[in-house]
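Quick note on the numbering used here: the sequence shown kicks off at 24 and runs consecutively.
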Amino acid sequence: MSKKKNNSGGIVYSTDPNFTPSNNDDQEEINTLPPAQQQLRVKLDTKQRAGKVVTLVDGFVGKEEDLEKLGKDLKTKCGTGGSAKDGQILIQGDYREKVIKWLQDWGYKAK
């Protein structure tokens, strides 16, 4: 079964004869801020994870590719798994001190 992507923004039918669906793909690309201008927050999180602890890096402003690269670098340094999406990096386990140290060494402002 093929899945078709609907570009109408959730609108199925309109009775307005002048209606034209807006295309959200035309949004301006967000440029990645330099590391010195990033305000990253590192915290411990256990919400909706069955009691498992994850280190959460929040506040990244920039392109998704740069977020994924930073997440991959942090996961490699910690030697653990995780994910990077929606401006957040999740690293499995409690690595707050290590993550803050590495981010500051790479020029990021991290708390």
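Cβ atoms here follow ideal geometry from the backbone N, Cα and C, with glycine treated the same way.
Fair warning: this is a prediction, and the values are worked out from it, not measured in the lab.
Any contact of the region 99 to 117 with the region 126 to 134, i.e. 3+ C-beta pairs under 8 Å?
Output reads no: the region 126 to 134 does not touch the region 99 to 117.
In the DSSP assignment, the beta strand (DSSP E) including I123 goes from what residue to what residue?
Unbroken run through I123 is the alpha helix (DSSP H), 119 to 128; no beta strand (DSSP E).
Would you please state the rounded distance, in angstroms, between the beta carbons of V80 and I112? I believe it to be under 8 Å.
4 Å
For V77, collect the residues of the same chain with a Cβ closer than 8 Å to its Cβ; drop the 5 residues on either side in sequence, then sort them by chain order.
Counting only Cβ-Cβ distances below 8 Å, and skipping sequence neighbours, we find L67, D68, T69, G105, L113, I114, Q115, G116.
Per-residue DSSP class, three states only, for G85:
Coil at G85, not helix or strand.
Please report how far the alpha carbon of L90 lies from the alpha carbon of S37, in whole angstroms.
38 Å
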